[in-house]
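Here the structure is laid out as structure tokens; the discussion comes afterwards.
What follows is the structure, given as structure tokens:
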């Protein structure tokens, strides 16, 4: 484009239409051409939403990696946005420093939504845990200010270990705002508490006291899909210190927290799950679908797909793979699905025991082993779409 004035004669509607189909990287360069282009690309919220709606989904992934998660003197990790196709073709691109974001001092990624990454951290202040969050857009390199700290009563005394807290991040479409959800046992009030932080609501917070709040399992981060955060949970339980060996199948459910209505509902597991797995199962959102994966008799990995979110009859068993075929021994080294290709044919699986990855073709059941060239530890993976959404609040 030799001269921006050559394009300025285009009607604004046509310029908006053209720009809405371009990748973020290109648009960020165009925003430097003129004030009017910057105003459209960066400052026009309606254009940002249009571009987001037209951006291809399920083509990128956000990886959270570490050199050694057991090095307690150095708990730094990295957040690495990557094209799924590029990652599959060359796994070494996982540790490409370009575009990486360093999380220092044990900061943890909470989730990803519409191109925004939410991360935060806990700090001990006597018997109180202080928690803050921050948003970051990897595509625009913009980052919000830290939120005010939340005070969580998670200890019975200064010397007692902190209790468990479950976290989640997602978008409330009804109120056009991003929310962080914290679920924890309030030691002072002796009850489960759900705290909702509305990012766009002038940093206010709302505390929900629901007597029917579920007991969430040990998978800390909620999986966001269909406008809801999802955790595996136990219903009709009064004791947060449950023993997994005593859990019954009718107690095991998916706790779905509606981000707009701020209420829970319970979703049952697939009917094909006829007994409580030997170890706690896990949920994962891959693409636009929710998956349940669990160990079966320490022999197989079972993966279930909810084809239509909330439609219980749509649970479908995607695959069953023996650990022998995967060349791993099962728990505690259960293979973890990372992502699916956009066409849903290739599933990438991480084997934490020997730092290997597997490309599994769901269509023909073929597998390809990919050694980890740099022996980085994969902490987690998140769906990600490059966007122009601003993490900074007005």
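Numbering (the numbering used here), first residue to last: 6 to 399. The C-beta atom is built at its ideal place from N, Cα and C for all residues, glycine as well.
Straight-line Cα distance separating residue j from residue i
i	j	result
residue 135	residue 343	31 Å
residue 67	residue 85	6 Å
residue 91	residue 23	26 Å
residue 310	residue 341	14 Å
residue 109	residue 202	23 Å
residue 376	residue 169	34 Å
residue 382	residue 224	18 Å
residue 3	residue 179	This structure cannot settle anything about residue 3, because the visible part of the chain is limited to 6 through 399.
residue 19	residue 25	10 Å
residue 300	residue 118	29 Å
residue 138	residue 15	42 Å
residue 328	residue 193	44 Å
residue 58	residue 130	43 Å
residue 352	residue 229	20 Å
residue 195	residue 251	23 Å
residue 374	residue 362	6 Å
residue 247	residue 317	27 Å
residue 60	residue 27	8 Å
residue 172	residue 105	23 Å
residue 150	residue 372	44 Å
residue 257	residue 274	8 Å
Residue i, DSSP secondary structure in three states
i	result
residue 230	strand
residue 92	helix
residue 54	helix
residue 220	strand
residue 270	strand
residue 368	coil
residue 48	helix
residue 353	strand
residue 375	strand
residue 59	helix
residue 193	coil
residue 84	strand
residue 64	coil
residue 31	helix
residue 363	strand
residue 17	helix
residue 210	strand
residue 40	helix
residue 306	strand
residue 102	Low local confidence applies: a pLDDT of 47 at residue 102 is under 50, so the model's placement there is unreliable, with the coordinate-based value given in what follows. It is coil, neither helix nor strand.
Proximity below 7 Å, CB of residue i to CB of residue j
i	j	result
residue 325	residue 305	yes
residue 174	residue 233	no
residue 240	residue 271	yes
residue 36	residue 30	no
residue 158	residue 191	yes
residue 368	residue 350	yes
residue 160	residue 143	no
residue 365	residue 354	yes
residue 184	residue 264	yes
residue 390	residue 148	no
residue 278	residue 53	no
residue 188	residue 221	yes
residue 80	residue 116	no
residue 65	residue 88	yes
Own chain residues within Cβ distance below 6 Å of residue i, not counting five before or after
i	result
residue 5	Because the chain is modelled from 6 through 399, residue 5 falls outside the range shown and cannot be assessed.
residue 155	136
residue 260	219, 236, 238, 269
residue 254	281
residue 47	36
residue 331	340
residue 45	52
residue 242	220
Cβ-based neighbour list, residue i, same chain, cut-off 7 Å, excluding 5 preceding and 5 following
i	result
residue 298	286, 287, 289, 306, 307, 308, 342
residue 17	none
residue 82	69, 70, 71, 108, 384
residue 113	124, 125, 126
residue 245	190, 220
residue 249	285
residue 7	Any reading at residue 7 must be qualified, since the residue scores a pLDDT of 47, below 50, and its modelled position is unreliable; the value itself is stated next. Within the same chain, residue 7 has no close Cβ partners at all.
Within-7 Å CB hit, residue i to chain D
i	result
residue 390	Note that chain D does not occur in the displayed structure, where there is just one protein chain.
Cutoff 8 Å; reference residue i; Cβ partners in own chain excluding five residues on either side
i	result
residue 121	140, 141, 142, 183, 392, 394, 396
residue 102	Note that residue 102 scores 47 on pLDDT, short of 50, meaning its location in the model is unreliable; the coordinates nonetheless yield the value given after this. Taken in chain order, the list of residues that qualify is empty.
residue 276	320
residue 32	24, 46, 56, 393
residue 11	Note that residue 11 scores 49 on pLDDT, short of 50, meaning its location in the model is unreliable and no value can be drawn from it.
### Query
At which residue ranges does the stretch 234-302 contain complete beta strand (DSSP E) runs of 3 or more residues, listed in the order of the chain?
Listed in chain order, the complete beta strand (DSSP E) runs (minimum 3 residues) inside the stretch 234-302 are 257-263, 268-273, 287-291, 294-301.
### Message
In chain order, what are the residue ranges of uninterrupted beta strand (DSSP E) at least 3 long that sit wholly in the stretch 120-154?
### Response
Here the runs fully enclosed are 121-130, 133-142.
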